[in-house]
Structure formats: C-alpha cells, structure tokens
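Protein chains in written order, with our numbering: chain B, 1 to 351; chain P, 352 to 702.
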C-alpha cells in the first residue's frame with residue numbers, strides 16, 4: 001500500500017461539492033498516505049478548503065476550470081458542450097496518463113458518456129457496465145450491470161461476468177469468485193433467451209472463478225455468489241428495491257425504539273451494538289460504483305454522499321489501481337478469446 | 352362480513368399439508384364466522400384433524416381424492432395427468448359454482464396452468480398475472496406481475512394496472528388507488544419500449560384511479576404508489592430482492608442483540624416493541640398471492656407457511672369475494688374498451 005498512485009478528482013460533482021470532495025481526499029490519505037491527486041474545478045473555491053489540509057495540499061495538483069456538468073445535463077449535451085468541464089478534464093487526465101483513475105460524484109449518465117468517449121472500451125468489450133458491491137449475510141458481493149445497458153444480449157452478460165470477476169478479486173479480495181446469472185425461479189420459465197444462452201456460454205468458458213448457474217433475487221442478500229450478473233434494467237430495479245427495503249427497515253426500527261419508555265431505555269443500553277449495525281449497513285461504506293470495461297479506472301460516487309463516503313469511493317479506485325484491475329480484465333479477455341468456441345447450449349440446471 | 356361465501360381448499364399443497372390447511376381454515380373462521388369450505392384431499396388424513404375443530408367440521412364438506420400435484424411436477428404434467436388431484440378438483444369447484452374462490456399452497460406453476468385451463472381468463476385479459484401486497488412506509492401496496500409472464504407487451508402491462516387497481520380497492524381498501532410503472536431512473540434511458548408505450552396508454556385511459564407515471568425500485572418500499580405494475584421477470588426479481596434484504600436485516604439485528612451483555616439487556620427491555628415490529632413485517636401477514644385475470648378467485652399461499660399464514664391467504668380470497676373483485680375487474684374492462692382509443696404517445700415525465 002505504499003506505491004504512489006495518482007487519482008483525478010472531479011471536484012465539482014455532487015450535492016456538497018467541492019467541500020465534500022476535498023475533505024474526502026483528505027480522509028482517503030489516511031488509508032493511502034502516498035496517494036496523489038489531480039483535482040479539477042473552481043480553484044478560487046478549492047484553495048481555502050485545501051489550505052485546511054496542508055499534507056493533502058502538498059500531494060495535490062489543482063487544475064482550474066469554471067465549467068461544470070450539471071446534475072440534470074443530458075449526457076449528449078455534457079459530452080458535446082462540456083469539453084472544458086471538471087468531469088471531462090478529470091477523464092482526460094486518465095487518458096493522458098496523468099492519473100490511473102478518476103472519481104466523480106456528478107451526473108452518472110454524463111460520466112458514462114464522457115468516460116466512454118475519452119477512454120474507449122477495452123478490447124473484447126462491447127459495452128461498459130456499472131458495478132457496485134453491497135453487504136450480504138456471507139460478507140460482500142458485487143452486482144453488475146446496475147443501469148448502463150437496459151437491453152443486453154448473451155455476449156454482454158458474459159463480458160459483465162468477466163469484469164465482475166475482476167472486481168471481486170481486486171476490490172473484495174476474493175481469490176476465486178463464484179458467479180451467478182440473476183433469473184426467476186419458476187421451473188416452467190427460466191427467464192429470457194439471452195440468459196439461457198449466456199449460461200451455456202459461461203459454462204463452456206474457462207473463467208478465473210466458478211459459474212454456479214442461475215441465482216434468484218433473494219440470493220443477492222444471501223451472498224450465494226460473489227458476482228451477480230444481470231442486465232442494466234434488472235440490476236437497477238434490484239439495487240433500488242434493496243436500498244428502499246433497507247431504508248424501510250431502518251425507519252421501522254427507529255419507530256419501534258420510540259414506541260414506549262421501555263423500548264427507549266432498551267435502545268440506550270443496546271446503542272453501542274446498534275451503532276455497530278448502523279455502520280455495517282452504512283451506504284457510505286459501499287459508496288463507489290465502477291464504470292467497468294473502460295481503458296482506465298472510473299468510479300462514480302453517490303451525489304448525496306459526504307466526505308467519508310467520497311473517501312470510500314476513492315478507496316475503490318485505489319484498490320483497483322493497486323491490484324492492476326484493468327490489466328487483469330485485459331488478460332482475462334485475451335484468455336477468453338483464446339479458449340475454444342462455446343459448445344452447443346447444454347442443459348442448464350436452475351439455482 | 353356476515354354473508355356466506357364458500358371457499359375451496361386444496362388440502363394437500365404446501366410443506367405442512369394437510370395439518371396447516373385445516374388449522375388455517377379453523378383460524379380463518381374467527382374472522383369470517385359464516386365462511387364455508389369445500390376441502391379436497393385425503394379424507395383419512397383430514398378427518399382426525401377436522402375432528403379437533405367441531406365448528407369448522409360442521410362448516411366444511413370434505414371431497415376425497417388420493418391424487419396430489421407434487422411440488423416439483425411440471426405444470427404441463429400437472430395439467431394433463433392431475434385431473435383427479437386435490438388442486439384440480441378445488442379449481443373445478445370454483446368453475447362449477449360450488450365455491451367462489453380457491454386457496455392452494457401447492458406448486459405455483461401447476462396452479463396457474465390448471466386455474467387458467469379450468470377457469471379461463473376474463474374478457475379483455477390476454478394473460479393472468481400474479482399479484483401480492485407488502486408493507487411500505489406509507490402502509491401497504493400491491494405489485495404485479497410477480498412471475499407469471501416473463502415477457503410482457505404494453506397491453507399486458509395496461510391490463511395488469513387495471514387488475515392491480517381492483518386488488519388495491521378490494522383487498523387494501525383504497526378508494527382511488529395510485530398506480531406506477533416500474534422503471535429505471537437514469538435520464539437517458541427510460542426503459543424498454545413496452546414501458547413507454549404502456550405509460551402513454553395508461554395516461555390516455557380513464558382508469559378508476561390515478562396513474563403517476565414511472566416509479567423506481569426504491570419507490571416500492573416507500574409506497575409511492577398503491578399499485579406497482581411490472582413484467583413478471585422484473586417483478587419476481589424485485590420481490591425476491593426485497594424478501595432477501597428483509598431477512599438480511601432480521602439476521603443482522605439478531606446478531607446485534609447478541610453481541611454484548613448490554614445489548615442483550617436492551618433487547619429484553621425493548622422486546623415487546625420489537626415483537627410489534629416483527630409482527631409488522633411478518634411475511635405470514637402478507638401471505639396470499641392472487642392469480643388475477645381469471646374467471647374466479649384463485650389464491651396461492653406460500654408453500655412453507657403455517658396455519659396463521661394460510662388463514663391470511665384465505666382472508667385475501669374472502670376480501671376479494673366479499674367485495675366482488677371479479678365483477679369489478681369485468682366492469683373496469685368493459686369501461687376500458689368503451690373509452691376512446693389511446694391518443695398518440697404523449698411525452699411522459701419520469702417519476
């Protein structure tokens with residue numbers, strides 16, 4: 001963890017930018033003391049913030065721009081009109097070798113469009129995907145695609161599996177990740193044609209991990225597999241359904257502890273343990289979605305996060321950078337294309 | 352609530368049949384004292400169970416069969432070979448006017464195939480759907496389809512909206528339900544073509560309720576709308592993702608209260624309140640998925656539920672029966688077809 005890696009930061013994306021970005025960079029330095037930053041944004045606003053953190057200031061290069069991509073800009077507009085924006089310049093820095101990765105809390109669609117245009121997709125990958133990790137009963141798992149591609153064919157899903165596998169190895173530290181295709185459980189209808197085809201392809205492919213077949217919605221939280229592979233429509237719905245349910249439970253629990261005097265006293269006694277639970281499911285811990293499949297590390301932070309959450313998004317970029325995620329994806333795809341063509345669709349057992 | 356309604360029970364479906372079915376019927380009589388049952392199954396096994404509940408015994412007619420649909424029977428096999436099965440005979444009882452509705456905890460696919468064959472779909476409905484209700488921050492909502500139809504076109508989705516609307520009015524008691532189409536949130540890609548088309552159709556249709564446009568995964572638990580409309584693939588994944596997350600939180604909470612002496616004492620003090628929470632999110636309270644769109648009330652209970660859960664599934668059938676759900680669906684469709692043809696696809700705002 002002592003290598004020097006430079007990360008480009010879009011200082012102007014997110015609800016509390018640039019303050020949350022600068023403080024997040026400061027917090028990230030505690031875990032990665034030798035990290036360097038290229039920070040893109042409004043210099044006049046950033047300088048007083050950086051002055052509070054002399055070590056960070058020393059480790060950072062500020063690149064001034066007064067152009068920003070707005071939260072409601074259309075990706076096509078951000079791409080055409082935003083050539084001087086903090087988001088675009090931060091992506092350019094990765095293309096130009098100034099930084100290994102970029103972190104932005106700005107507009108997701110714009111970041112995907114700009115990153116794809118500037119960095120291009122890796123060889124063998126048709127479409128980049130959005131991947132993120134989350135808590136499960138067994139530990140942590142990763143799911144992709146979370147919304148970049150509404151419609152996916154079998155080849156897209158196979159590519160997502162390969163990229164998710166690398167995410168699990170580099171960010172979650174799983175040596176030989178298990179993978180599953182998200183599907184419905186009823187016997188008569190095992191999902192779309194693309195899923196059955198992808199399943200056959202994955203079984204026939206020599207992946208650095210184990211493909212366990214189809215998994216269902218409840219397998220996500222169970223952690224049945226390390227990598228849950230799905231199209232962007234389904235993944236987005238599943239992720240947000242899970243987030244909504246987590247909030248519902250937190251709210252129900254809050255109401256429960258306020259419902260009687262005894263419950264309030266019980267809460268006070270259990271508070272340290274409950275704070276541990278809160279930390280365990282804290283969305284800020286899981287902040288940092290990767291735009292995988294690009295020629296560079298691109299991490300999207302939640303727009304509404306704080307410095308702690310933004311520091312974790314930087315951490316995801318660093319984990320991928322330090323473990324050579326991009327090289328691993330390239331290697332895996334080189335290996336994939338070298339493998340024999342897929343056998344005719346075999347009978348696939350349900351999960 | 353004093354009308355006499357007869358419900359047909361498949362006594363042999365589910366993990367703990369027939370004991371859980373008979374005891375469930377007994378419990379259901381507490382809420383519906385004038386309910387009558389036609390119970391289909393192995394008479395030799397049911398008689399001793401019924402003898403324990405003299406009032407239930409008096410209100411029930413037992414129809415013996417030793418044939419059952421097994422949990423792993425393919426729907427096509429159950430349909431062809433299961434003509435004398437308890438599930439089939441219970442559905443026949445609804446067709447023959449002996450009962451207003453049927454409740455089974457057996458094989459979902461088989462129940463759908465048999466019920467569709469025996470009862471036929473209602474006029475105006477191409478495909479039946481599976482609907483169920485669940486807790487939200489605002490109260491309760493219904494979602495459909497939960498897995499009967501993997502691929503759906505715009506017409507299917509519109510029909511689901513109409514049927515879900517009736518479910519909300521009859522089972523949840525909402526006078527003028529709000530409806531939303533489940534979609535992804537990103538600006539650039541507002542889901543599949545079928546969703547955009549269904550949205551335009553729903554806006555142009557004079558529904559007994561309010562169509563609010565697209566909703567996202569987190570809107571399910573928020574209760575943003577009373578009726579969440581989606582295809583069977585997405586609905587199944589969303590429902591199971593939610594169930595899995597609920598279990599994850601329960602498990603994390605259990606671990607939290609065991610993690611220290613203080614937490615244990617806190618738990619004991621807060622226990623009555625926490626039991627209230629447990630009851631609030633008890634899956635048995637939300638047991639009973641409806642197979643909507645058929646010429647009769649068909650309720651599917653979870654196979655693994657107990658008597659309390661099965662009684663709630665009977666309650667769902669009774670709520671629909673007592674409030675004339677089938678007639679309401681027929682009326683709404685008659686009204687729909689009388690409305691002017693849909694206007695050309697209007698611009699649809701995201702949720």
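Virtual Cβ for every residue (Gly too), placed ideally from N, Cα, C.
Any chain B beta carbon closer than 8 Å to residue i
| i | result |
| --- | --- |
| residue 365(P) | no |
| residue 592(P) | yes |
| residue 421(P) | no |
| residue 465(P) | no |
| residue 653(P) | no |
| residue 480(P) | no |
| residue 552(P) | no |
| residue 532(P) | no |
| residue 608(P) | yes |
| residue 529(P) | no |
| residue 374(P) | no |
| residue 613(P) | yes |
| residue 599(P) | yes |
| residue 569(P) | yes |
| residue 616(P) | yes |
| residue 620(P) | yes |
| residue 498(P) | yes |
| residue 457(P) | no |
Residues bridged to residue i (per DSSP)
| i | result |
| --- | --- |
| residue 377(P) | Answer by DSSP bridge pairing: none, since residue 377(P) is not bridged. |
| residue 529(P) | 561(P) |
| residue 387(P) | 357(P) |
| residue 133(B) | 142(B) |
| residue 573(P) | Partner(s): none; residue 573(P) has no beta bridge. |
| residue 665(P) | Answer by DSSP bridge pairing: none, since residue 665(P) is not bridged. |
| residue 601(P) | None; residue 601(P) has no bridge partner. |
| residue 229(B) | 144(B), 181(B) |
| residue 648(P) | 452(P) |
| residue 553(P) | Answer by DSSP bridge pairing: none, since residue 553(P) is not bridged. |
Proximity test, Cβ basis, 8 Å: residue i and chain P
| i | result |
| --- | --- |
| residue 85(B) | no |
| residue 272(B) | yes |
| residue 187(B) | Since pLDDT at residue 187(B) reaches only 46, below the 50 mark, its modelled position is unreliable, and no value is offered. |
| residue 80(B) | no |
| residue 288(B) | no |
| residue 164(B) | no |
| residue 121(B) | no |
| residue 137(B) | yes |
| residue 213(B) | no |
| residue 7(B) | no |
| residue 156(B) | no |
| residue 251(B) | yes |
| residue 245(B) | yes |
| residue 238(B) | yes |
Member of the options whose CA lies at the smallest distance from the CA of residue i
| i | options | result |
| --- | --- | --- |
| residue 31(B) | 318(B), 20(B), 333(B) | 318(B) |
| residue 162(B) | 105(B), 199(B), 191(B), 190(B) | 199(B) |
| residue 533(P) | 435(P), 515(P), 570(P) | 570(P) |
| residue 86(B) | 102(B), 96(B), 76(B), 336(B) | 102(B) |
| residue 67(B) | 40(B), 60(B), 48(B) | 40(B) |
| residue 577(P) | 462(P), 490(P), 386(P) | 490(P) |
| residue 681(P) | 474(P), 434(P), 421(P), 394(P) | 474(P) |
| residue 160(B) | 302(B), 290(B), 8(B) | 290(B) |
| residue 311(B) | 166(B), 20(B), 208(B), 239(B) | 20(B) |
| residue 639(P) | 356(P), 386(P), 523(P) | 523(P) |
| residue 543(P) | 627(P), 407(P), 427(P), 581(P) | 581(P) |
| residue 566(P) | 235(B), 53(B), 240(B) | 240(B) |
| residue 252(B) | 633(P), 394(P), 430(P) | 633(P) |
| residue 553(P) | 388(P), 574(P), 531(P), 573(P) | 531(P) |
Residue burial classification, residue i (beta-carbon count within 10 angstroms, cutoff 16)
| i | result |
| --- | --- |
| residue 206(B) | exposed |
| residue 258(B) | exposed |
| residue 175(B) | exposed |
| residue 423(P) | exposed |
| residue 364(P) | buried |
| residue 116(B) | buried |
| residue 186(B) | Its pLDDT being 45, under 50, residue 186(B) is placed unreliably in this model, and the coordinates cannot settle the point. |
| residue 683(P) | buried |
| residue 88(B) | buried |
| residue 301(B) | buried |
| residue 416(P) | buried |
Proximity test, residue i beta-carbon vs the ligand MN heavy atom, cut-off 7 Å
| i | result |
| --- | --- |
| residue 326(B) | The ligand MN is not part of the structure shown, which contains no ligands of any sort. |
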